[in-house]
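A quick write-up on the structure given underneath.
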Amino acid sequence: MTQKTNLIDGTAIAAATRAETAQRVAALKASKGITPGLATVLVGDDPASAVYVGAKRKACEEVGMNSIGYTLPATASEAEVVALVRELAGRKDVHGILTQFPLPKHIREDAVLAEIPIGKDVDGFNPINMGLLGLKGKRAPFAPCTPQGCVELLVRTGVQIAGKRAVVLGRSAIVGLPVGLMLLARDATVTYCHSKTPNLAAVTREADILIAAIGKARFVTADMVKPGAVVIDVGINRISDPTRKSGSRLVGDVDFDAVAPLASAITPVPGGVGPMTIAMLLRNTLEAAERL
Ligand code: NDP
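Okay, here's the thing in structure tokens:
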């Protein structure tokens with residue numbers, strides 16, 4: 007199969023889900039007079055965090071939602087951040103709360119997350135939301151956005167999940183662990199691999215669906231992939247590239263050029279999972295408002 011026919015176009019799928027969200031936002035405004043609102047809390051002046059928050063706020067406005075932004079100085083105390091989140095938790099015009107991580111070292115992320123009611127935890131990072139993901143028959147109010155984006159790509163591409171063997175490379179709380187739980191809930195047989203897994207290639211070669219989320223450039227090589235597998239590459243790694251004006255470019259955790267010819271479907275980097283994260287954040291915020 008050629009790369010053209012097996013490419014999962016995350017940019018197009020994210021655009022389609024954002025358009026659907028915009029329609030539902032308009033419908034909610036018309037029927038109930040409610041405009042979904044996402045509050046963002048940025049602490050400190052980390053440039054990358056500021057870019058991420060800016061992109062999320064702009065995306066909110068593009069689908070007709072309110073974006074309510076707060077920026078606190080890096081010197082803000084944990085008590086100040088907690089007090090702000092507590093105030094946002096009680097506000098009627100705030101349906102979702104997002105605290106941009108990492109927080110400055112003197113602030114405990116758990117202490118801040120604990121203040122976000124699970125009904126407004128649109129990032130899905132509250133341990134209660136995460137725990138519900140793993141309990142059979144329970145429904146978490148919100149799943150974390152990147153893993154949800156991975157599953158959405160599979161579903162919208164028509165990939166069958168039930169009964170398939172899924173292998174997740176990586177077990178972090180924000181990607182690997184929740185994506186595996188979500189695939190399990192959809193009746194895949196799930197195996198997790200991590201840095202202590204022996205004979206990694208033998209395990210990944212069993213995957214009908216392979217999710218790579220380890221943060222190592224082009225780690226997954228052709229010999230690690232079963233022909234016909236569906237490959238979802240979550241990794242975002244910057245490597246040097248003297249042919250580019252910037253001197254660098256982004257690649258995933260999968261050696262795309264080698265793996266794409268044998269995969270039945272594969273996400274590129276960039277343009278695969280990446281665009282889905284904000285699209286899922288918008289949908290989660292909309293759904294928080296719809297549930298009122
Ligand atoms: P973490 O560093 O938190 O976790 C990496 C995981 O990979 C760990 O479970 C680790 O195992 C495992 N791992 C590391 N090295 C190896 C190895 N050599 N063999 C097998 N397993 C290994 O990363 P994240 O989950 O936060 O992110 C993973 C990637 O996804 C990154 O490239 C990140 O940039 C990207 N990402 C993309 C997003 C998006 O598209 N929007 C959002 C979030 C992340 P162990 O637990 O044993 O240490």
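This note's numbering runs 6 ahead of the 1-based position in the sequence shown. Virtual Cβ for every residue (Gly too), placed ideally from N, Cα, C.
Only counting the same chain, and skipping five residues up and downstream in sequence, which positions put a Cβ closer than 6 Å to that of ASP127?
Within the sequence shown, residue 127 is the residue found at index 121, counting from 1. Excluding positions up to five away in sequence, the list reads ASN135 and PHE148.
So, for THR8: in the same chain, excluding its five sequence neighbours on each side, which residues have a beta-carbon less than 7 Å away from its beta-carbon?
On the sequence shown, position 2 is the one that residue 8 refers to. Because THR8 carries a pLDDT of 42, less than 50, the predicted location of this residue cannot be relied on, and the following value inherits that uncertainty. Only residues of its own chain outside the window of five on either side were considered, and among them none has a CB closer than 7 Å to the CB of THR8.
Quick check: the Cα distance between LYS64 and ASN205, rounded to an integer number of angstroms?
Taking the sequence shown and counting its residues from 1, the one referred to as residue 64 is at position 58. Taking the sequence shown and counting its residues from 1, the one referred to as residue 205 is at position 199. When rounded, the distance between both Cα atoms is 44 Å.
Which full runs of the beta strand (DSSP E) of 3+ residues lie inside the segment 54-87, going along the chain?
Counting whole runs of 3 or more residues, the segment 54-87 contains the beta strand (DSSP E) stretches 72-78.
Keeping to the same chain, check which residues put their C-beta closer than 7 Å to that of VAL196; ignore five residues upstream and five downstream.
Sequence index remark: in the sequence shown, residue 196 carries index 190 (1-based). Here the set comprises ALA172, VAL174, GLY186, LEU189 and LEU190.
Please report the distance separating the alpha-carbon of GLY125 from that of LYS170.
On the sequence shown, residue 125 is found 119 positions in, with the first residue counted as 1. On the sequence shown, residue 170 is found 164 positions in, with the first residue counted as 1. In this structure, the alpha-carbon of GLY125 lies about 32 Å from that of LYS170.
Please classify VAL57: is it buried, with 16 or more other beta-carbons within 10 angstroms of its beta-carbon, or exposed?
Here residue 57 corresponds to residue number 51 of the sequence shown, with the count starting at 1. VAL57 comes out exposed.
Which class does THR8 belong to by DSSP, given the choice of helix, strand or coil?
Taking the sequence shown and counting its residues from 1, the one referred to as residue 8 is at position 2. Residue placement at THR8 cannot be trusted, given a pLDDT of 42 that sits under 50; what the coordinates show is reported in the next sentence. Collapsing the DSSP output to three states places THR8 in coil.
Quick one: what's VAL231 bridged to in DSSP?
The residue labelled residue 231 in the question sits at position 225 within the sequence shown. According to DSSP, VAL231 bridges with nothing at all.
Identify every residue that forms a DSSP beta bridge with THR197.
Numbered from its first residue, the sequence shown carries residue 197 at position 191. In the DSSP output, where bridge partners are listed per residue, THR197 has VAL173.
With respect to 7 Å, is the separation between the Cβ of LYS142 and the closest non-hydrogen atom of ligand 1 below this value?
For the purposes of this step, residue 142 is taken as residue 136 along the sequence shown, with counting starting at 1. Here the distance from the Cβ of LYS142 to the nearest heavy atom of ligand 1 is not below 7 Å.
Rounded to the nearest angstrom, what separates ILE272 and LEU183 at their Cα positions?
Translated into positions along the sequence shown, residue 272 becomes position 266. Translated into positions along the sequence shown, residue 183 becomes position 177. Using only the alpha carbons, I get a separation of about 21 Å.
With which residues is ASP239 paired in a DSSP beta bridge?
Along the sequence shown, read from residue 1 onward, the residue named residue 239 stands at position 233. When DSSP reads this structure, ASP239 sits in a beta bridge with ALA218.
For ASP99 and ASN72, believed in contact at Cβ under 8 Å, the rounded distance:
Mapped onto the sequence shown, residue 72 falls at position 66. Mapped onto the sequence shown, residue 99 falls at position 93. About 7 Å separates the beta carbons of ASN72 and ASP99, which is inside the 8 Å limit, making them a contact pair.
Report the residue from LEU78, VAL47, VAL69 and GLY70 whose alpha carbon sits nearest the alpha carbon of ALA95.
On the sequence shown, position 89 is the one that residue 95 refers to. Nearest of LEU78, VAL47, VAL69 and GLY70 to ALA95, Cα basis: VAL47.
Going by DSSP, what residue range makes up the alpha helix (DSSP H) through ILE122?
By one-based count along the sequence shown, residue 122 stands at place 116. That residue, ILE122, is in no alpha helix (DSSP H); it is neither H nor E in DSSP.
Any heavy atom of ligand 1 within a distance shorter than 7 Å of the CB on ASN72?
Against the sequence shown, residue 72 aligns to sequence position 66. Closer than 7 Å to some heavy atom of ligand 1: that does not describe the Cβ of ASN72.
Taking the C-alpha atoms as reference points, what is the distance between ALA80 and LEU104?
Here residue 80 refers to the residue found at position 74 of the sequence shown. Here residue 104 refers to the residue found at position 98 of the sequence shown. C-alpha separation (whole angstroms): 17 Å.
Residue from LYS142, VAL260, ALA25 and GLU296 with nearest C-alpha to VAL226
The sequence position of residue 226 within the sequence shown is 220, counting from 1. Cα-wise, what sits closest to VAL226 is VAL260.
Tell me which residue opens and which closes the alpha helix (DSSP H) that ARG30 is part of.
Walking along the sequence shown from the start, residue 30 turns up at place 24. ARG30: member of the alpha helix (DSSP H) spanning 16-38, first to last residue.
Closer than 7 Å: ASN287 CB and nearest ligand 1 heavy atom
For the purposes of this step, residue 287 is taken as the residue at position 281 of the sequence shown. For the record, residue 287 in the displayed sequence is Leu; it is not Asn. No, Cβ of LEU287 sits at least 7 Å from all heavy atoms of ligand 1.
Can you give the beta carbon distance from ILE19 to MET282, rounded, assuming they're within the 8 Å contact cut?
Here residue 19 refers to the residue found at position 13 when the sequence shown is read from its first residue. Here residue 282 refers to the residue found at position 276 when the sequence shown is read from its first residue. Distance from ILE19 to MET282 at the Cβ level is roughly 7 Å; contact confirmed, criterion being Cβ atoms closer than 8 Å.
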